[in-house]
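Reading through the structure tokens given below for one structure.
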Amino acid sequence: MMFQYFDTLVTGIENVLENDPSQKSHRKLYALEVARLGRRLYSGTDRLAWCGVVAPFDLLAAMGVTSCFVEFIGAMLAATGASSEFLKEAEDAGFAPDTCAYHRAVLGAGRKGMMPEPDFFIATSAPCTGGIGVMENMAAMFKKDLFVLNIPQNDDPASVAYLADQMRSLADFVSRHTGQPLSMNRLAEAVTYSNRAAAVMSEVYRLAEHVPSPVCAKDLRNFGIVAALLLGTPQAVTVAEAFRDAFAARIANNTPGVPGEKIRLLWIQNRVQFKNNLEDLLENEFHACIVADELNDVTWDPIDPADPFPGMAKRAISIPLNGPVERRVKHLADMARRYKIHGAINPCHFGCRQGTGARGLVALGLKQVNVPVLNLEVDCVDTRNYAPGQMHTRIAAFIEMLENRGNPWG
Amino acid sequence: MYFMGIDIGSLSCDAVIIDREGELLASSVVPTGARNQEAIARVSSEVFAASGLAQDDITSVVSTGYGRDRVHNRSGAVTEITCHARGIQALLPGTRLLVDIGGQDSKAIFMDQKGRVIDFAMNDKCAAGTGRFLEAMARALQVDIDELARLDRGSTGNLMLSSMCTVFAESEVVSLIAEGKEVCEIVAGLNRAIASRTAALVKRVAPDHNQDMPVAMSGGVARNHGVVRALSATLTAPVNVPDKPDIVGALGAALIARERALQTA
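These protein sequence lines are chains A and B, in that order. Residues in the first sequence are numbered consecutively from 58, following our numbering. Residues in the second sequence are numbered consecutively from 44, following our numbering.
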């Protein structure tokens, strides 16, 4: 069923692009590559690893393993309106309804046979340890081996060396399961693609900072976190270039992402994954645009292709959701300044101990740079906890408040 | 020029008409019921009758409340947060902190000196501490909702409720009645529970709040003197209630309608 879904999606987009090249857009190209990844995940022929969010996907690509973080499946089920059935399955099996719905959806999907059997699992202790629990459950369910990458909190030489060593062990673990040794040449090639993609993604984000911004809310939704799945491949570069070129053209043509842009918003953590009208409400009623997402940033340096493990380790450690909250707040404040943000929205995803636990400090940190934060009580995956009217009122009131404050950036 | 504000809440539908100078000419409050279109028609009819005006005399209408998009003849819809802030500034000038407890939500609004919203916090998908909560408790106590406001008199203030969930609290009240607890003690316990929950909202928007910062209260629950007293005691600050606390949102909406019309003119 899922293979058919992705296959139909791939074929449909390919046909559109072939028959009508004018339909070619950065977003379609991105959707095509994500759909192709989905098709490979469910093909039953590729070597497959279910992973944590900060697994080194370029290393796995270099070793011929199709890989994906499991939360992607939770988000995809929500986006297609299919999450409720799998959430219920997980709850019926005893997983508490107040745990993360990304993870519950995945567990339910696994129990209902909607997750293809992988060759192995790779968990990461960042961004959350809840993900490790999911991996342990899934590994037990499929009777497959699990490798856990323990991501250090601090970016210092000892921590980088510690994680780099784990990643070398991971390569050995993958080799044992695939029977294929790691080719350092292939890894160097993959890392070179990652570096090129990261450089272009940095350009994409710099263009998004433009006032008025060339982006609309849907342009960069989930972009940074999902683009990581393409790292190590030429497709990552192609997709990033398509976004860069589209935004550069919009700026050159004076075509902002949201016509008449009035309010510039920073979205904290992840978007609401199921269909909802919040972004339309922001853009159509208030000319407010989500110009930045917390996870849309390149926080790491280029990786040395000749010695890639330390660079990959530094990349995993550098993500905003890892490490002390002070670092996260500093990153958000820096984004607020770069993007000239008027206000930030924090969806405070139900069940995300890490995300909701930090909300007070995040709000305080952004307040210090004169950026108010709207904390929403929302489950980004579980529609059963969604009350559109309440969300509408909170967001509308927040925008009214921002309008009355005027532009803090002059 | 006359301006109208309509606040369509979950329990009540309120309307006011003001003149060009912003003076209140008439107001009306009716139950919303199950069909808010009927409530809108009725409250409009009542406020027109009270003011001696007709629809054609109204320059513009701004609606607010959860049903604000259901007012067909509106020239604009504004959230209840902004409208309550605007309304309380007209009724109690200089107010910086407003607590509004309506039928199904409660909110704390922090304003600057000009009455502009700086921050706000709302209850989260739960009717605990709202008008619905009090209705359920009045039902459990078998008293009228208006009577509930007076029943805390004479309490010792020792009884604490363990749950603010409307369902569990109703069961607890029934149990307390069965145990023979005095009604005044139960009602005082309910009021303190509401005050505690509301004070948490206040602390979220004004962490440095102290006794020198008076709080204003609007919404139907502000008519319940027991809740107002309990909130004042919990916040250790005066809680000021305007004469007509239920029309604050509608008044704010009318004032915004006026400001917008005068700006355009």
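Just so you know, even glycine gets a beta-carbon here, dropped at the ideal spot from N, CA and C.
- Residue-level contact check: E340 of chain A does not touch chain B, since none of the beta carbons of chain B fall below 8 Å from its beta carbon.
- For T156 of chain A, no Cβ of chain B is located within less than 8 Å of the residue's own Cβ.
- For the stretch 435 to 461 of chain A, the residues whose beta carbon sits under 7 Å from a beta carbon of chain B are, in order, A444, G446, Q447, T450, R451, A453, A454, E457, M458 and N461.
- Cβ-Cβ distances below 6 Å link I347 of chain A to A274, L322 and W324 in the same chain, with the five nearest sequence neighbours on each side left out; the list follows chain order.
- When secondary structure is reduced to three states using DSSP, D162 of chain B falls in the strand class.
- At least one CB atom of chain B sits nearer than 8 Å to the CB of P429 of chain A.
- For Y45 of chain B, the three-state secondary structure derived from DSSP is strand.
- N327 of chain A sits in coil when the DSSP states are folded into three classes, being neither helix nor strand.
- In the structure shown, the three-state DSSP call for R97 of chain A is helix.
- The alpha-carbon separation between G165 of chain A and V110 of chain A amounts to approximately 19 Å.
- Among the residues facing chain A, R301 of chain B is not included, as its CB has no counterpart in that chain under 8 Å away.
- Here M58 of chain A carries a coil assignment [DSSP, helix/strand/coil].
- A247 of chain A is positioned such that its CB atom lies no closer than 8 Å to that of F177 of chain A.
- If you check the CB distance, D148 of chain B and S261 of chain B do not come in under 8 Å.
- Non-local beta-carbon contacts of P377 of chain A in its own chain, meaning distances under 8 Å to residues more than five positions away in sequence, involve E351, L352, D354, T356, R384, R385, H388 and L389 in chain order.
- Nearest in C-alpha terms to F407 of chain A, of all of A:G422, A:N427 and A:V438, is A:V438.
- In the DSSP annotation of this structure, L305 of chain B is not part of any beta strand (DSSP E); the continuous alpha helix (DSSP H) holding it starts and ends at V291 to T307.
- Here the stretch 89 to 105 of chain B makes contact with the stretch 56 to 74 of chain B; the two share three or more CB pairs at distances below 8 Å.
- With respect to N207 of chain A, S182 of chain A sits close: the two C-beta atoms are nearer than 8 Å.
- Taking T290 of chain A as reference, the option from A:G138, A:F230, A:G121 and A:A228 with the minimal CA-CA separation is A:G121.
- According to the DSSP assignment, R104 of chain A belongs to the beta strand (DSSP E) that extends over R104 to C108.
- Under DSSP, F177 of chain A shares a beta bridge with A:A106.
- Each of A:G170, A:A303, A:N341 and A:R96 was checked against the Cα of V315 of chain A, and the nearest Cα belongs to A:N341.
- Chain A places a beta carbon closer than 8 Å to that of M165 of chain B, counting this residue as a contact.
- Around the Cβ of R78 of chain B, a 10 Å sphere holds fewer than 16 other Cβ atoms; the residue is exposed.
- Only those residues of the stretch 145 to 166 of chain B whose C-beta falls short of 7 Å from the nearest C-beta of chain A are listed: R159, V160, D162, F163 and M165.
- Boundaries around P74 of chain B are those of the beta strand (DSSP E), L67 to P74, since no alpha helix (DSSP H) includes it.
- At a cut-off of 8 Å between beta carbons, I51 of chain B makes no contact with chain A.
- Counting of Cβ neighbours within 10 angstroms places R451 of chain A among the buried residues, the total reaching 16 or more.
- Counting the other Cβ atoms within 10 Å of the Cβ of P175 of chain A gives 16 or more, which makes it buried.
- Contact annotation for V121 of chain B against chain A: E457 [CB-CB distance below 7 Å, chain order].
- N353 of chain A carries a coil assignment under DSSP once its states are collapsed to helix, strand and coil.
- Following the DSSP letters along the chain, one finds F300 of chain A inside the alpha helix (DSSP H) bounded by residues P291 to A309.
- If you ignore the 5 residues before and after R243 of chain A, its C-beta comes within less than 7 Å of the C-beta of A119, all in its own chain and listed in chain order.
- Annotated three-state conformation of F176 of chain B is helix, per DSSP.
- A direct Cα-to-Cα measurement between I229 of chain B and N201 of chain B gives close to 9 Å.
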